[in-house]
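Novice: Position 16, counted from 1, in the sequence shown is what full-length UniProt numbering calls 16; the numbers after and before it change by one each time, with no gaps. Below: one structure in structure tokens.
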Amino acid sequence: MARVQGLPTAPDSPEAIARRIGPVRPTNFGFLFDVKAKPDPDSNAYTAIALPPHVDLPTREY
1 MARVQGLPTA
11 PDSPEAIARR
21 IGPVRPTNFG
31 FLFDVKAKPD
41 PDSNAYTAIA
51 LPPHVDLPTR
61 EY
């Protein structure tokens with residue numbers, strides 16, 4: 001895990017940086033997922049609570 005600071009604010013910047021580290025594989029969420037807090041969330045992905053480090057949907061890997 002790493003924190004990267006000073007990235008450009010262009011929408012494709014996170015994916016461009018990720019591709020410099022290694023291949024970016026798509027998931028059912030796409031290549032990247034925008035984390036957003038919603039007022040009435042239907043998933044932990046849309047809450048403002050802090051989540052511990054984890055992987056999403058590991059059973060969908062090959």
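Think of the CB as a built atom: it goes at the ideal place given N, C-alpha and C, for glycine as much as any other residue. Note that the structure is predicted; figures quoted are calculated from it, not measured.
Does THR59 come out as helix, strand or coil in the three-state DSSP assignment?
Specialist: Looking up residue 59 in the sequence shown gives position 59. Helix at THR59.
Novice: In angstroms, rounded to a whole number, what distance separates the CA positions of ASP56 and PHE31?
Specialist: To locate residue 56, count along the sequence shown from 1; it is residue 56. To locate residue 31, count along the sequence shown from 1; it is residue 31. In a straight line, the C-alpha of ASP56 is about 13 Å away from that of PHE31.
Novice: For the alpha helix (DSSP H) that ALA37 lies in, which residues bound it at each end?
Specialist: Position 37 of the sequence shown, counted from the first residue, corresponds to residue 37. Counting along the chain, ALA37 falls outside any alpha helix (DSSP H), and DSSP gives it neither H nor E.
Novice: So GLU15 packs on VAL4, CB below 8 Å; how close in whole Å?
Specialist: Your numbering for residue 15 matches position 15 in the sequence shown. Your numbering for residue 4 matches position 4 in the sequence shown. Wrong, their Cβ atoms sit about 13 Å apart, outside the cutoff.
Novice: Please name the residue, chosen from ASN28, LEU7 and MET1, that lies closest to PRO58 on a Cα-to-Cα basis.
Specialist: As a first step, residue 58 is located in the sequence shown; it is residue number 58 there, counting from the start. Checking every option, the nearest Cα to that of PRO58 belongs to ASN28.
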